Amino acid sequence: MAESKKIATRESFGQALCELAKEHDNIVVLDADLAAATKTDIFKKAYPDRFFDCGIAEGNMIGVAAGLAAAGMVPFAASFAMFATGRAYEQIRNSVGYPHLNVKIAGSHAGISVGEDGATHQCCEDLALMRTIPGMVILNPADHYEMIEATKAAYAYEGPVYIRLGRLAIDTFNDPDNYSFEIGKGITLEEGSDVTVIATGLVVYEALKAVRALKAQGKSVRLINMHTIKPIDKDIIIKAAKETGKIITVEEHNIVGGLGEAVAAVTAENCPVPVYRVGVEDIFGHSGPAVGLLAEFGLDAAGLEKKIAELMEK
Amino acid sequence: MDKSELLELKKTACQVRLWTVEGVFNAKSGHPGGSLSAADIMTYLYFKAMNVNPKDPKNPDRDRFVLSKGHCCPALYAALALKGYFPTEEIKILRHIGAMLQGHPDMKGTPGVDMSSGSLGQGISAACGMALAGKLSGKDYRVYAMLGDGECEEGQVWEAAMFAAHNQLDNLTVFVDFNGLQIDGNVADVAGLSELDKKFASFGFEVITIDGHDFEQIEAAVNQAKAVKGKPTVIIANTIKGKGVSYMENQVGWHGKAPNAEQYQAAMDELNEQLKALEA
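In the order they appear, the protein sequences are chains C and E. For the first sequence, the tail end lands on 1492 under the numbering used here, and the numbers increase by one without skipping. For the second sequence, the tail end lands on 594 under the numbering used here, and the numbers increase by one without skipping.
(1) Note down, in chain order, every chain C residue with its Cβ under 9 Å from the Cβ of Lys545 (chain E).
(2) Where do the ends of the alpha helix (DSSP H) carrying Lys1223 (chain C) lie?
(3) How about Phe361 (chain E) and Thr326 (chain E): are their beta carbons less than 8 Å apart?
(4) Just the chain E side, please: which residues come within less than 7 Å of Cys1232 (chain C) by C-beta, in chain order?
(5) Within the same chain, show all residues whose beta-carbon is closer than 6 Å to that of Ser518 (chain E), passing over the 5 residues directly before and after it, in chain order.
(6) For the region 1222-1241 of chain C against the region 1345-1362 of chain C, do three or more pairs of beta-carbon atoms, one drawn from each stretch, fall closer than 8 Å, so that the two count as touching?
(7) Do you know how far the Cα of Ile1326 (chain C) is from the Cα of Ala1180 (chain C)?
(8) Report the residue from C:Val1399, C:Tyr1383, C:Cys1196 and C:Ile1486 whose alpha carbon sits nearest the alpha carbon of Val1206 (chain C).
(9) Closer than 8 Å, CB to CB, is Gln565 (chain E) near chain C or not?
(10) Give a yes or no on whether the C-beta atoms belonging to Ile1290 (chain C) and Leu1305 (chain C) are separated by under 8 Å.
(11) Output the residue ranges of the beta strand (DSSP E) runs that lie fully inside the region 1350-1394 of chain C and measure 3 residues or longer, sorted by chain position.
(12) Locate the alpha helix (DSSP H) running through Glu1201 (chain C), then write down its first and last residues.
(13) Which of helix, strand or coil does DSSP assign to Ile497 (chain E)?
(14) Nearest-angstrom Cα distance between Ile1488 (chain C) and Ala1347 (chain C)?
(15) Under 8 Å between C-beta atoms, does Leu434 (chain E) make it to chain C?
(16) Give the straight-line distance between the Cα atoms of Asn1432 (chain C) and Gly1438 (chain C), rounded to the nearest whole angstrom.
(17) What span of residues does the beta strand (DSSP E) with His345 (chain E) cover, start to end?
(18) What's the gap between the Cα of Ala505 (chain E) and the Cα of Glu467 (chain E)?
(19) What are the residues of the region 460-476 of chain E that lie near chain C, defined by any Cβ-Cβ distance shorter than 7 Å?
(20) I want to verify the contact list: residues of chain E whose CB lies under 8 Å from the CB of Val1453 (chain C), in sequence order.
(21) Would you be able to state if there are at least three C-beta pairs under 8 Å between the region 342-360 of chain E and the region 481-494 of chain E?
(22) Return the CA-CA distance between Ala535 (chain E) and Ala440 (chain E), expressed in angstroms with no decimal places.
(23) Using a Cβ-Cβ distance under 8 Å, would Asn1280 (chain C) count as near chain E?
(24) Which residues mark the beginning and the end of the alpha helix (DSSP H) in which Phe477 (chain E) is found?
(25) Looking at the strands, I want to know which residues DSSP matches up with Asn552 (chain E).
(26) Taking C-alpha atoms, which residue in C:Tyr1357, C:Asn1356 and C:Gly1379 lies nearest to Arg1342 (chain C)?
(27) May I ask you to list the residues that DSSP assigns as paired with Lys1282 (chain C)?
(28) How would you list, in chain order, the residues of chain C whose beta-carbon sits under 9 Å from the beta-carbon of Lys422 (chain E)?
(29) In angstroms with no decimal places, state the Cα-to-Cα distance between Leu390 (chain E) and Pro1338 (chain C).
(30) Which whole-angstrom value is the C-beta distance of Thr1216 (chain C) and Ala1288 (chain C), which I expect to be below 8 Å?
(31) Might you give, ordered along the chain, the residues of its own chain that have their beta carbon closer than 7 Å to the beta carbon of Met1314 (chain C), omitting 5 neighbours on each side?
(32) If we define contact as Cβ-Cβ less than 8 Å, is Pro368 (chain E) a contact residue for chain C?
(33) Do the region 401-418 of chain E and the region 446-460 of chain E make contact, defined as three or more Cβ pairs closer than 8 Å?
(34) Where does the unbroken alpha helix (DSSP H) through Val380 (chain E) begin, and where does it stop?
(35) Closest to Lys1200 (chain C) by C-alpha separation, out of C:Leu1208, C:Lys1330 and C:Phe1258, would be which residue?
(36) Of the residues that make up the region 1244-1274 of chain C, which ones have a beta carbon closer than 7 Å to any beta carbon in chain E?
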């Protein structure tokens, strides 16, 4: 495991856009006055002629992206997850989702790890909102390498994609030499037979540390990194349900409408087993340092270790 | 525009109105008022202004039309069918289960529809994106969009207006079908758009005001817009809601209601009379 550097996935996203633009001149990047925060400014500096700041007008930005896509471009439209998917939900639904246009939407500063800005900016509903749109692909990468590969996969895929980006710099745990990303295919990070933990996004690494600690105590815990929320990897979930009999989901998102419910829907219809949802428990966040908030919400390694152990006894 | 051309456009517009009424009647629902007010402009666009080919509806170099006031698609479908994109028979099953023609435009299912629309305020943004794509790819197509006057109450229209002017989208021409009525009554009474021309001018648009039922004025405005450099153009077209069917004209109740069998016959008779007069 390479714990070489901490980097926020928004930064990785900005880098990936530049890499893609080297080879593809149909990429256009849009932002809504948050380029410095979403890190599309990395692209803006490298490709100023293909970057358009739409100003603080997210609804129009999504519509412009739809028009660009209808005319053959591949637009990436970025803002905070709250405004990209919340403010512009209906534009995404009607102007992007319904015509199934090739628009990529990036929602940065997702989850409570936004930190000090507090509840108005801590979007814990974006996955739920995007899940309801037919044909929408939802990617929630867990570290630097995964974000680079996910962004490339989003470009290669023909159709609407939502990519979730984090603000907080996090550890890079995937090994680039032994890593491959495929939309809709979860990745087993740890094998185990008593319970399966399925985590997504920024908290995957926290879950990994927690699972390793539990394994060191002799517990047999499987861990799956579910980087694609939609289409969800049914096979890996059903297999886990059959082989381990119990599932715990971990997400930095409201437990309503996110990964947990997506997983529970698969098990309920195919192989009913208990599914426990660990996440933001249908409450709003509040201000504070990101790392402190993750601990307070029980989403850091220590909190997850305790919670998983507890749920294993249930 | 010579006299024969003008006459042809008037006849085509009459056909567009006939098929509009046909579609709405058979659907037993839909929006005749705003379709009829916009019929002359759509006729001009598809039968004179736009570089389009119904045999090659996805040609990347074509001109585009976005009906931002998507509920007025009966007139758009009529224009597209008469242009040859699909058989007019499709109009008779508009809004039916399994039909190609949806209650609001569906670009995936309907040849010639350049953008799905219907949620007000969104089409103009897509038109901006298409115009921007034209600039980026060095193509010289034009993008036309049509807003309703009531639709201009949507904030997104003004977000898009800012974007279009800021990015100097001079390949974008926006029509406002100013028929003065919206579902809840007179636009002036519901929310008020006082001095819409000045609003667009202050947002950086070239503004032209015309009679939206006068083909010569429509043509002059479209050509004037083509000559404008460095900024988008809005053509505020003063129109009559329900134009061509006398009992629907200026009646807000015909915004979103289908005629019954008797009313349908009266409308068809009146429009056929108009067509006959033009053909005489």
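Think of the CB as a built atom: it goes at the ideal place given N, C-alpha and C, for glycine as much as any other residue. All figures in this text were calculated on a predicted structure; none of them were measured in a lab.
By the coordinates alone:
(1) Working through the second sequence from its first residue, we reach residue 545 (chain E) at position 231. None at all; the shortest Cβ gap to chain C is about 17 Å.
(2) In the first sequence, the residue the question calls residue 1223 (chain C) occupies position 45. Its alpha helix (DSSP H) spans residues Asp1219 to Ala1224.
(3) As a working mapping, residue 361 (chain E) is identified with position 47 in the second sequence. As a working mapping, residue 326 (chain E) is identified with position 12 in the second sequence. Taking 8 Å as the Cβ cut-off, Phe361 (chain E) and Thr326 (chain E) qualify as a contacting pair.
(4) Your numbering for residue 1232 (chain C) matches position 54 in the first sequence. Simply Phe477.
(5) In the second sequence, residue 518 (chain E) corresponds to position 204, counting from 1. It is worth fixing the name first, because residue 518 (chain E) is Gly in this sequence and not Ser. Hits under 6 Å: Ala479 and Lys545.
(6) no
(7) Within the first sequence, numbered from 1, the residue matching residue 1180 (chain C) stands at position 2. Within the first sequence, numbered from 1, the residue matching residue 1326 (chain C) stands at position 148. Legend: pLDDT at Ala1180 (chain C) = 47, less than 50; position of this residue unreliable, value from coordinates given subsequently. Cα to Cα, Ala1180 (chain C) sits roughly 16 Å from Ile1326 (chain C).
(8) Against the first sequence, residue 1206 (chain C) aligns to sequence position 28. Val1206 (chain C) has its Cα closest to that of C:Cys1196, out of C:Val1399, C:Tyr1383, C:Cys1196 and C:Ile1486.
(9) Walking along the second sequence from the start, residue 565 (chain E) turns up at place 251. For Gln565 (chain E), the answer is no, since every Cβ of chain C falls outside 8 Å of its Cβ.
(10) Position 112 of the first sequence, counted from the start, is the residue given in the question as residue 1290 (chain C). Position 127 of the first sequence, counted from the start, is the residue given in the question as residue 1305 (chain C). For Ile1290 (chain C) and Leu1305 (chain C), no; Cβs fall outside 8 Å.
(11) 1365-1368 and 1373-1377
(12) Within the first sequence, residue 1201 (chain C) is the residue found at index 23, counting from 1. Residues Thr1187 to Glu1201.
(13) By 1-based counting over the second sequence, the position of residue 497 (chain E) is 183. Reduced to three states, the DSSP call for Ile497 (chain E) is coil.
(14) On the first sequence, residue 1488 (chain C) is found 310 positions in, with the first residue counted as 1. On the first sequence, residue 1347 (chain C) is found 169 positions in, with the first residue counted as 1. Ile is not the amino acid found at residue 1488 (chain C); the sequence shown has Glu there. Answer to the nearest angstrom: the Cα atoms are 29 Å apart.
(15) Reading the second sequence from its first residue, position 120 is the one you call residue 434 (chain E). Answer no: the Cβ-Cβ gap between Leu434 (chain E) and chain C never drops below 8 Å.
(16) Sequence index remark: in the first sequence, residue 1432 (chain C) carries index 254 (1-based). Sequence index remark: in the first sequence, residue 1438 (chain C) carries index 260 (1-based). Rounded to the nearest angstrom, the two C-alpha atoms are 9 Å apart.
(17) Against the second sequence, residue 345 (chain E) aligns to sequence position 31. Counting along the chain, His345 (chain E) falls outside any beta strand (DSSP E), and DSSP gives it neither H nor E.
(18) Position 191 of the second sequence, counting from 1, holds the residue named residue 505 (chain E). Position 153 of the second sequence, counting from 1, holds the residue named residue 467 (chain E). Cα to Cα, the separation comes out at about 7 Å.
(19) Gln470, Glu473, Ala474 and Met476
(20) Walking along the first sequence from the start, residue 1453 (chain C) turns up at place 275. The premise fails here: Val1453 (chain C) is roughly 36 Å from chain E at the closest Cβ pair, so nothing lies under 8 Å.
(21) yes
(22) To locate residue 535 (chain E), count along the second sequence from 1; it is residue 221. To locate residue 440 (chain E), count along the second sequence from 1; it is residue 126. So the two alpha carbons sit approximately 22 Å from each other.
(23) As a position in the first sequence, residue 1280 (chain C) is number 102, starting the count at 1. Output row for Asn1280 (chain C): interface = no.
(24) Counting from 1 along the second sequence, the entry for residue 477 (chain E) is found at position 163. Segment Gly469 to His480, the alpha helix (DSSP H) holding Phe477 (chain E).
(25) The residue given as residue 552 (chain E) occupies position 238 in the second sequence. According to DSSP, which records beta bridges pairwise, Asn552 (chain E) is partnered with E:Phe492 and E:Asp525.
(26) Residue numbering aside, residue 1342 (chain C) sits at position 164 when the first sequence is read from its first letter. Considering only alpha carbons, the answer is C:Gly1379.
(27) What you label residue 1282 (chain C) is simply residue 104 of the first sequence in a count that begins at 1. The partner list for Lys1282 (chain C) (beta bridge, DSSP) reads C:Phe1254 and C:Val1339.
(28) What you label residue 422 (chain E) is simply residue 108 of the second sequence in a count that begins at 1. Neighbours of Lys422 (chain E) on chain C, chain order: Tyr1276, Pro1277 and His1278.
(29) Locating residue 390 (chain E) in the second sequence gives position 76, where the first residue counts as 1. Locating residue 1338 (chain C) in the first sequence gives position 160, where the first residue counts as 1. Those two C-alpha atoms are separated by around 27 Å.
(30) As a working mapping, residue 1216 (chain C) is identified with position 38 in the first sequence. As a working mapping, residue 1288 (chain C) is identified with position 110 in the first sequence. Not really, about 11 Å apart at Cβ, beyond 8 Å.
(31) For the purposes of this step, residue 1314 (chain C) is identified with residue 136 of the first sequence, where counting begins at 1. Closer than 7 Å at the Cβ level, and outside the excluded window around Met1314 (chain C), lie Gly1275, Met1308, Pro1338, Tyr1340 and Lys1408.
(32) Indexing the second sequence from 1 puts residue 368 (chain E) at position 54. With 8 Å as the cut-off, Pro368 (chain E) does not count as an interface residue toward chain C.
(33) no
(34) The sequence position of residue 380 (chain E) within the second sequence is 66, counting from 1. Counting along the chain, Val380 (chain E) falls outside any alpha helix (DSSP H), though it belongs to the beta strand (DSSP E) covering Arg378 to Leu381.
(35) Translated into positions along the first sequence, residue 1200 (chain C) becomes position 22. Of the candidates C:Leu1208, C:Lys1330 and C:Phe1258, the one whose C-alpha sits nearest the C-alpha of Lys1200 (chain C) is C:Lys1330.
(36) Ala1244, Gly1245, Leu1246, Ala1248, Ala1249, Gly1250, Met1251, Glu1268, Gln1269, Asn1272 and Ser1273
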